[in-house]
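Residue numbers (UniProt numbering): 1 to 756. Glycine residues also receive a C-beta, built at the ideal position from the N, C-alpha and C atoms.
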Amino acid sequence: MRFDSMVDAIGHTPLVRLRTSGDVQLFAKLELQNPYGMKDRVAREVVLAARESGELAPGAPIVESSSGTLALGLALVGTVLGHPVHIVTDPRIDPITLAKLRSLGCVVHVVPAMARHGWQSARLERLADLRRELPGAYWPQQYGNPLNPRAYQALAREIVADLGPVDVLVGSVGSGGSLCGAARALRAYRPQLRVVAVDCVGSVLFGQPDLPRRRQSGLGNSLHPENLDHTVIDEVHWLNDREAFAATRDLAREQGIFAGNSAGSVYQVMKGLTGLLAPGTRVVGILPDRGDRYAENLYDDGYWVEQKLDDLPLAREPVQVPYGSRVTSWSYAPVPPRELVFVESNTTGTGMLALHQAVRLGLRPVLLTHRPGRYRGLPETPAEVVECDTNDVDALRALLSRRRSLAGVTTTSEFYLETAATLAGGLGLPGSSADAVAVCRDKARTRDLLSRAGLPQPRYSVVRAPHEVAAAVARAGLPCVVKPTSDSASTGVRLCRTEAEAQAQVATLLAVTVNVRGQATYAAVLVEQYLAGAEVSVETFAADGRVEIVGITDKTIGPEPYFVETGHIFPAPHRPESEAIRQTARSALAAVGLAHGAAHVEMRLTEAGPVVVEINARLAGGMIPELIRLATGLNLVERQLRAASGLPLEPLAPATRYAGIRFLTTATTGVLHAVDGAEEAAALPGVHDVTVTARVGAAVGPATDAYGRLGWVIADGDSPEQVRARLDQALGRMALDVTPASDGTAAADEKVTVPA
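Take a look at the structure:
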């Protein structure tokens, strides 16, 4: 076949029937027969499209992160068309690929060490630097570029032209482009096409923990590429390094195909399917990589000995496991329904984290919201956003009934816990009891149930009219606490030292008929005894009828008369009453009937012992889950999403460090012009995050609830004292530039030091 250039020669690869003993027909699409490999197709597609659109100017450089065949494809296409090519890779790159890249005139940048999320993360960080150094450079973005999967439509057409409609498609997954792109195109010819993904043990693509030091290359990932569409895939198989390498040797010996480990893994899975399929079934496997890159590792007996590959398990047949279970050898699982629906979100940080985390579990997040603009950072998340009336449960139920791939319904917003539980229960999806959630949302009902269960409670009264205040104050005593029965984020909670103050606060709260989310309030107020003592929260997780204690969090409360949380330390230092705190939390959850997922139980430590202040049927807010992750390694957001979608739960982990947060607040009422010193604070040892949530130009003032906080600083350390010192040091570098308001006019700018 004659071509006018090497770019034109890409594609047109052979489809070979493999020798098998059964009646199932196995065909190998030899993508390894492209000039440099399967991803030559992607390189051609993205470069030609970028040139046509003007995104890639004549002679402008091309930059990309790759350790294999995409790098070679870009080097081929880019240099043939007159573009300098820069490839960012890591030390795992094989010498043959490196030699090919350099011989093609490509500039290769090798990162020296892994970053927080593995080699891919380190490469992307270097790539960002490179793009700043090379203005006008074109970045194909293989993991998120929709042209990646589109490039494989031609592959699908070639298969159909050679074979006709296909019954089963098997392919390895790295970026997701080849398998998802080919599968979508082939389903146009046979809608019932069965799609089988091949991944490696230690890859996060299908709900597994990340093992960045896995030896396989060309498939698997430590990040979640946007081009991986789980809804296209019916089943996933995982092979460990030994199994993949052994299968690759089998492919050469049994079929005469000298290939790489991705092709070997696909071959092994194809063989494993033959005994499960009807005679005459046509199975096509995409073999992406050839074996010259692997001569010094998987084909080298000395490498096997050096790497102790024979110490790994070797399964000759796959074992079916529940999706999300940790695997160590050849296993497979049906890919379950993939959408996780969030009914609104919180605004304290963990809500947006949860949307990102859902993708790491192979779930597609769908956010139902009445007002998308409420959420800072939402456009940067991978969530599908559905704008609707989230206070109309019947409308939400009808909306969800039309979606066919639901894994669960959840929320990170206190205001929508009951809604999410009601929807999940009605759809037969995992979730908490809607009745238990309703009890926790109504603080008066919580008080009643805990009292009847014999748990200590403050003296309290439910007030529905102003004339009831005097009796309520007499019962509670002074000072007393006045709070709404159904709000969140310390909204409306106030310490009152006189009956007149209590009367005024009750009148203020009863005048509020809807909350910040537009929901009707309960038209009732709690007037209760003020409990002196330190404040803590207990983070718990319930599953299979058992409540586990994740840990205890120390809380710092801001100045009276409000109860704004201004800082946390996790885990709280051990106290003599620590076990009593844990047992009180368990008893409280049993009393209200909360037996699924996360709960956040707030307590005051009085002279008489711990007293439950409130129970939240959700993860803690205030970035406490992030503190838990830093202290224990446990991703509590992931755990809650697993519970909401019915995935297996990882065991809890003990804390090995301490972590803390301090919230940014101001004592000045005015307009925020800037937050100085944030970058300097973020660079300090032990500081993990400095986030400013308030927008420049916003009106700010002393916080009366959590919505008045302006941002946060998070740090960790070996002791609570070290954490506090690091937070103090970070906040000492920062200052809020606020124009104070004076008699309705703006005064001169005033630098306000952030409270430490």
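Confirm the yes/no value for this check: CB of residue i, any heavy atom of the ligand ZN, distance under 8 Å.
i    : result
A543 : Of ligands this structure carries none, so the ligand ZN is not represented either.
Tell me which residues share the same chain as residue i and place their Cβ nearer than 6 Å to its Cβ, disregarding the 5 neighbours each side in the sequence.
i    : result
G176 : P225, N227, L228
V752 : In this prediction, V752 scores a pLDDT of 47, lower than 50, which makes its location untrustworthy; the coordinate-derived value is nonetheless stated afterwards. Within the same chain, V752 has close Cβ partners T666, T668, L736, V738.
G633 : A653
A748 : With a pLDDT of only 38 at A748, under the threshold of 50, the placement of this residue in the model should not be trusted; the figure read from the coordinates follows. Cβ within range, chain order: n/a, list empty.
W238 : D199, V201, V327, S331
S329 : N240, P313, A315
V547 : T540, R586, L589
S413 : E344, S345, N346
Looking only at its own chain, which residues have a Cβ that is under 7 Å from the Cβ of residue i, when we skip the five neighbours before and after it?
i    : result
G272 : E317, P318
S630 : Checking the sequence shown, residue 630 turns out to be Leu, not Ser. Result list for L630: R657, A659, H688, D716, in chain order.
V611 : P456, Q457, P458, L531, M603, R604
L101 : A71, L72, A75, I87, V108
L429 : L406, G408, V409
Y707 : A489
P625 : T350, L619, L636, V637
D389 : H370, A395
G551 : E539, F570, P571, I628, A655
A60  : H83, G136, A137, Y138
T20  : L26, T274
L449 : V439, A591, V592
L417 : T411, V437, R441, A617, R618
R494 : V482, Q505, P561, Y562
V723 : I569, Y658, A659, G660, A715, D716, G717
Taking its Cβ as the centre, do 16 or more other Cβ atoms sit within 10 Å of residue i, making it buried, or is it exposed?
i           : result
L3          : It should be pointed out that residue 3 corresponds to Phe in this sequence rather than to Leu. Result: exposed.
D442        : buried
residue 762 : Summary: the structure shown does not reach residue 762, with the chain confined to residues 1 through 756, and so no result is reported for it.
T745        : Any reading at T745 needs caution, since the residue's pLDDT is 41, under 50, leaving its predicted position unreliable; the model's value is listed next. Its Cβ having fewer than 16 others within 10 Å, T745 is exposed.
V232        : buried
D743        : Its pLDDT being 48, under 50, D743 is placed unreliably in this model, and the coordinates cannot settle the point.
M1          : exposed
S357        : For the record, residue 357 in the displayed sequence is Gln; it is not Ser. Under this definition Q357 is a buried residue.
D289        : buried
P146        : exposed
S53         : exposed
L205        : buried
D162        : exposed
R695        : exposed
L314        : exposed
residue 768 : Outside the modelled stretch of the chain, which goes from 1 to 756, sits residue 768, for which no answer is possible.
K555        : buried
L710        : buried
R403        : exposed
H12         : exposed
Give me the Cβ distance between residue i and residue j, rounded to the nearest whole Å; I'm assuming they're in contact under 8 Å.
i    : j    : result
L155 : K39  : L155 to K39, Cβ: 11 Å. No contact.
H86  : L130 : 6 Å
T498 : V512 : Not quite, the Cβ-Cβ distance comes to about 22 Å (not below 8 Å), so this is no contact.
G220 : C200 : 4 Å
E380 : T369 : With 8 Å as the limit, E380 and T369 do not qualify as a contact, their Cβ atoms being about 15 Å apart.
V713 : I661 : 7 Å
R194 : P165 : Contact flag wrong, Cβ pair sits at about 12 Å.
V341 : V366 : 5 Å
D544 : P279 : That belief does not hold up - the Cβ atoms of D544 and P279 are roughly 43 Å apart, past 8 Å.
P372 : V393 : With 8 Å as the limit, P372 and V393 do not qualify as a contact, their Cβ atoms being about 20 Å apart.
S262 : S172 : 4 Å
G362 : R338 : 7 Å
I62  : R41  : With a Cβ gap of about 16 Å, I62 and R41 do not count as contacting.
With a threshold of 8 Å on Cβ separation, who are the neighbours of residue i within its own chain once the five nearest residues in sequence on each side are excluded?
i    : result
H109 : H86, I87, V88, T89, R126, L130
G558 : V564, E565, T566, T665, A703
V107 : P84, V85, H86, I87
A698 : V671, L672
The segment 464-478 in contact with the segment 605-620 per 3-pair CB rule at 8 Å: no
The segment 243-250 contacting the segment 288-299, beta-carbon criterion three pairs below 8 Å: yes
Start-end ranges of the alpha helix (DSSP H) lying completely within the segment 615-688, minimum 4 residues: 624-632, 636-645, 678-682
The segment 256-273 / the segment 147-166 touching (three or more Cβ pairs under 8 Å): no
Secondary structure, alpha helix (DSSP H): runs of 4+ residues fully inside the segment 534-610: 578-592
Stretch-stretch touch, CB-based, cutoff 8 Å, three pairs: the segment 567-587 with the segment 490-509: no
Those runs of the alpha helix (DSSP H) which lie wholly inside the segment 349-437 and span at least 4 residues: 350-360, 393-401, 417-426
Contact between the segment 585-597 and the segment 672-688 (3+ Cβ pairs under 8 Å): no
Sequence ranges, beta strand (DSSP E) only - wholly within the segment 221-259, length at least 3: 235-239
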